[in-house]
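Heads up, the thing below is written out as structure tokens.
This is how it looks when you write it as structure tokens:
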């Protein structure tokens, strides 16, 4: 397949935030040309797309999510956290099959595509069926181990790590566990053994709530980041999801180990967890990526909302309207996300990079006039602006239509019957 | 004109948050039937619309905005507040003509329509050209006086109040001033004279920043709400925009005078103003409405974003995930907004009410499965879900197309040339 996108504005994010005018040529899964428009007479293309001066940019990377939880969306809003988990989420999760999670994950893929998200960093119960679902849809997914005392195991992590990380695949796998507070020290040490065996980075939920950190200090006399670091889990890098409650020593560990923090502002507000100190990470050059968290807590999977929240909450936290420059936030949602997930070929638009690319409609009222396009994406962008989402050189969403292996109606019908069985049943 | 919307889900908001299935018939500007589907054979309709089980509900009311500031969108993001106002906003505003504000206001109308907003409570410089713009577009607008020491006057307020409040018009006018900190006590007293002459409610920006309240205490030995109340500005009701920094006595005044607070969470975050204590208002049964504030500070005009923020920020503020029930927030964005703006005929869907109605697409991934539709609109809704926006019985936006007096392209072109003259010129 050979596709040409001409008459475009291009925000490559390769160096800085400048926007150029020109064209992009995609051949199979890669960008083979990005630059000024050329005379292409005589060249063969499967399709030539007039971008009408709309914007091409790298797809958003959703750096923390639980795609399979979509059946739980809006099922239990406005409840205290413990009631939400114990009386609503856990009992329903207990009834889910591998096949259910296959279908729910695909529902989330549809929503990612509407938000210009071209890859997700997914943690959930059944890595095999999640990989199958994402792969069947043509969606790029990096899974992370979800070991805890109740599900998954270091053996499963090693199995998925060796099976899923094949060159050329849309699926990949990073080692991890659910969280310190749900995983015994013994299990954590076993995982550290794997980390060292494969020299692999490691990720987990960490410092999402104050109670979690306090509980850990009670157990071990220190916070969860120190516990994890001291047993060597971060010896080959990795990162933490949430990262709201860290102390100065923790920031030192993050910096020393080259760890990423993935912030999930909508979920953190909705579950009353707190506000991630993004300014503190930025000040220390600790890279920040952005995630939606799962649809049960958020409830939506929308990178535009998350980007605005990172900006707004940081300005609020610091009481400084100049804090958290929108361009830096756009970088978090794209470049940093890709690198945090090991997707170095999908970080920016450039010749030789993977064609994971979106087109944003600038001819909508929320983008007019075009004073500062890159900043306005963060402050005013919406799913309504996503005209196209391309992953690995394939257009999966364009002008409101989906081009994956199943139709939305087929997926909705299956989700509805799962819901009847495990929620209402 | 006679229109029938059948095969619909209906969230009337008349009593509670139940959703029924049925149909709505609109005749000219009003709803003439809402209920179960009837055999309509032989009845004449200009159009019968199959809603495909999508949701009809009252349009959102944007209860605080400055529509004419759209040319300033993304012009000066990420700056400290004083630099933003003094070096960017004020110098450009000084160059705006009545005609410019006519065009900018219409650009904002386009965006309101994409967000299912059917009326706005607008405060800006040139009430005559704003009314003309909104009226030409067919958009319902309640303007509020913007008197301060530098522009407008009590005489203009009286003129607009008597001229714009005509029965059957889409335009109306409520007395008000910009804010205590920009308006002399003498002018405020003159306005109070008008309030008493016409027994009229009164609105102003109040307690948006801590510095504003502290400045007022320095000037008068008390905060701005007390200053305004003591000279009788609230003797016939009204309300305040923002209302972030109030003390216990202030809440007492709000309650006693039956005042509304209009919260603007996105703008308050982006400008580092603070978080409105919505829970404190709710606890005291002081009605809350929701606004976007202007596109220069926000930058977008999107009620979905604002609703999520009211929920999320209140849950954060109180550290209680059960605080600020989403259904109450949906009511703030519709019913409370309408009543605050004096639009009692546009508050809910019911026989005899004005047909200010929207259709939300439930067949999108962010709405599936349909566990709790009304709450999910607040937590997961997006402009992408707005299929139709109807004002006063006329469809102004449907499936991405606009049906107002000018095309988007005509408006964008005019805005571009205004921008060239007053921003770049």
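Protein chains in written order, with our numbering: chain A, 1 to 425; chain B, 1001 to 1425. We treat Cβ as the ideally placed atom computed from N, Cα and C, and that holds for glycine. Predicted model, so just to flag it, every value in this text is computed and none were measured.
_Strictly under 9 Å for the Cβ-Cβ distance: is residue 366 (chain A) near chain B by that measure?_
yes
*Which chain B residues sit within Cβ distance under 8 Å of residue 372 (chain A)?*
1074, 1075 and 1077
*Could you tell me which chain B residues have their CB closer than 8 Å to the CB of residue 114 (chain A), listed as they occur along the chain?*
1364, 1365, 1366 and 1384
*With DSSP collapsed to three states, give me the class of residue 1001 (chain B).*
coil
*4 or more residues per run - each alpha helix (DSSP H) lying fully within the region 286-327 of chain A*: 303-318
*According to DSSP, what are the bridge partners of residue 1006 (chain B)?*
B:1050
*Look up residue 1063 (chain B) in the DSSP assignment and say whether it is helix, strand or coil.*
strand
*Check whether the Cβ of residue 1230 (chain B) lies closer than 9 Å to any Cβ atom in chain A.*
no
*Report buried or exposed for residue 43 (chain A), applying the criterion of at least 16 other Cβ atoms within 10 angstroms of its Cβ.*
exposed
*Give me the Cα-Cα distance between residue 2 (chain A) and residue 10 (chain A), rounded to the nearest whole angstrom.*
19 Å
*Return the CA-CA distance between residue 246 (chain A) and residue 226 (chain A), expressed in angstroms with no decimal places.*
10 Å
_Assigned exposure category for residue 1184 (chain B) - 16 Cβ within 10 Å defines buried_ = exposed
*Three-state secondary structure assigned by DSSP to residue 1277 (chain B)*: coil
_With H, G and I counted as helix, E and B as strand and the rest as coil, what does DSSP make of residue 203 (chain A)?_
strand
*Tell me whether the beta-carbon of residue 1064 (chain B) lies closer than 9 Å to the beta-carbon of residue 1242 (chain B).*
yes
*asked:* For residue 401 (chain A), would you say it is in contact with chain B, using Cβ-to-Cβ distances shorter than 9 Å as the test?
replied: no
_Under 9 Å from the C-beta of residue 1495 (chain B): neighbouring residues of chain A_ = What the structure shows of chain B is the stretch from 1001 to 1425, and residue 1495 (chain B) is not part of that stretch, so it cannot be assessed.
*Are residue 108 (chain A) and residue 301 (chain A) touching if we call contact CB-CB under 9 Å?*
yes
_Continuous alpha helix (DSSP H) assignments of at least 4 residues falling wholly in the region 1181-1247 of chain B_ = 1185-1198, 1210-1220 and 1224-1230
*Could you name each continuous alpha helix (DSSP H) segment of 4 residues or more that falls completely within the region 321-399 of chain A, going from the start of the chain to the end?*
326-331, 337-340 and 373-380
*Are the beta-carbon atoms belonging to residue 332 (chain A) and residue 290 (chain A) less than 9 Å from one another?*
yes
*asked:* Is there a Cβ of chain A sitting closer than 9 Å to that of residue 1251 (chain B), yes or no?
replied: no
_Short Cβ contact (9 Å threshold) for residue 324 (chain A) with residue 279 (chain A)_ = yes
*Assuming residue 50 (chain A) contacts residue 354 (chain A) (C-beta within less than 8 Å), just tell me the rounded distance between them.*
Residue 50 (chain A) to residue 354 (chain A), Cβ: 24 Å. No contact.
_Closest residue to residue 16 (chain A) among A:4, A:32 and A:57 (Cα-Cα distance)_ = A:57
*Could you confirm whether any beta carbon from chain A is found closer than 9 Å to the beta carbon of residue 1173 (chain B)?*
no
*DSSP-derived helix/strand/coil call for residue 154 (chain A)*: helix
_Burial state of residue 162 (chain A), where buried means 16 or more other Cβ atoms lie within 10 Å_ = exposed
*Name the one or two DSSP bridge partners that residue 1402 (chain B) has.*
B:1397
*Quick one: Cα of residue 1027 (chain B) to Cα of residue 1398 (chain B), how far?*
18 Å
*Looking only at C-alpha atoms, which of A:174, A:160 and A:207 sits nearest to residue 180 (chain A)?*
A:207
*Compute the Euclidean distance between the alpha carbons of residue 387 (chain A) and residue 400 (chain A), then round it to the nearest angstrom.*
7 Å
*Residue range of the alpha helix (DSSP H) that includes residue 1104 (chain B)*: 1098-1114
*Which one of A:193, A:229, A:75 and A:211 has the shortest CA to CA distance from residue 204 (chain A)?*
A:229
*Quick one: is residue 78 (chain A) buried, meaning 16 or more other Cβ sit within 10 Å of its Cβ, or exposed?*
buried
*Quick one: grab the DSSP three-state call for residue 412 (chain A).*
helix
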